[in-house]
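> Per the numbering used here, residue 67 is the first one in the sequence shown, and the count goes up by one each step.
Beta carbons: idealized from backbone N, C-alpha and C, even for Gly.
Mind having a look at this structure? Questions to follow.
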Amino acid sequence: MKNVVRKICFVLALAALGLFFVKDCQAQMYDYERMSSAFVNMLDAATNYLADNFEVINTNKAKVGEPLPKGELYSYKGINPEGFASMVGKEFAKKTGITIKFVSQGKDKLGPRSGYNKPDKWEAEQLKKFTKIQYPKGVGYGEVELVSDYNMVYRYIYPLYIEHKCLQCHGDPKRSPTGDGKDITGFPMENFKLGELSGAISLTFPIE
Ligand code: HEC
């Protein structure tokens with residue numbers, strides 16, 4: 067009888083320990099997801115600020131928050147929203163080991179604007195999922211990926227959709243500001259439509 071009680075206690079203790087680990091693991095995943103979502107939103111906010119003020123940066127005598135001055139000289143200064151955000155992402159990765167980057171399949175025959183933004187297998191799968199009608203709009207997705215026997219990373223990806231302000235560069239090539247199907251930054255315009263998925267921000271967290 068004593069033995070049976072001991073066995074039951076042992077099994078119960080094991081179950082409790084297992085539950086503790088599962089709970090601990092779940093809490094950790096939740097932390098990774100929250101941190102990833104915060105970083106991604108921060109980069110998205112910085113990108114949006116630049117996209118919103120793109121005309122201001124490039125128009126002589128223009129000021130943030132004021133109407134654009136009429137008849138002033140306009141010249142592209144070489145700063146574009148995602149180019150800027152990619153630089154921020156690269157500096158961030160150097161300092162933290164966390165990679166954060168834009169990915170896109172491009173559209174039709176046009177691939178991503180920069181080779182660096184080409185999605186890997188996991189990213190390509192998630193981008194495909196984001197285009198499904200059942201997938202809730204604007205919701206990121208994260209999971210653990212086993213890179214090798216001893217190496218795990220947490221990956222998070224956040225969908226980006228075309229808004230009105232994106233169309234000046236990623237919209238209809240017939241509305242090209244330079245009349246050659248290219249946007250002001252010199253890239254061929256992809257003909258993305260309002261609300262369409264343009265790509266995603268992808269983040270990889272090393273798990274210690
Ligand atoms: C002033 C022009 C401009 C505007 C406005 C703009 N983009 Fe871009 N976008 C670019 C350029 C240039 C690149 C390539 C940057 C690089 O060199 O990595 C790019 C790259 C991207 C990428 C990475 C995929 C790729 O093709 O390289 C995504 C995704 C993207 N843009 C989405 C958006 C969204 C969403 C908006 C609106 C919120 C937006 N862009 C607004 C110019 C623009």
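Following the continuous alpha helix (DSSP H) through Ala-159, name the residue where it begins and the one where it ends.
Along the sequence shown, read from residue 1 onward, the residue named residue 159 stands at position 93. Per DSSP, Ala-159 belongs to the alpha helix (DSSP H) from 147-162.
> Is it buried or exposed for Asp-249, if we count other Cβ within 10 angstroms and need 16 for buried?
Here residue 249 is taken as the residue at index 183 of the sequence shown, counted from 1. Under this definition Asp-249 is a buried residue.
> Just checking, does the segment 256-265 make contact with the segment 164-174 on the three C-beta pairs under 8 Å criterion?
Yes: at least three Cβ pairs fall under 8 Å.
> Starting from Thr-165, follow the beta strand (DSSP E) in both directions and report where the run begins and ends.
Working through the sequence shown from its first residue, we reach residue 165 at position 99. Start and end: 165-169.
> Can you find a heavy atom of the ligand HEC that lies under 7 Å from the Cβ of Glu-148?
As a first step, residue 148 must be located in the sequence shown, where it is residue number 82. Correct: Glu-148 has its Cβ closer than 7 Å to the ligand HEC.
> Can you tell me where the alpha helix (DSSP H) with Glu-121 in it begins and where it stops?
Here residue 121 is taken as the residue at index 55 of the sequence shown, counted from 1. Residues 120-124.
> Would Thr-270 be called buried (16 or more neighbouring beta carbons within 10 Å of its own) or exposed?
For the purposes of this step, residue 270 is identified with residue 204 of the sequence shown, where counting begins at 1. Result: buried.
> Between which two residues does the beta strand (DSSP E) harbouring Glu-211 extend?
Start at 1 with the first residue of the sequence shown, and residue 211 comes out as number 145. Run containing Glu-211: 207-214, per the beta strand (DSSP E) assignment.
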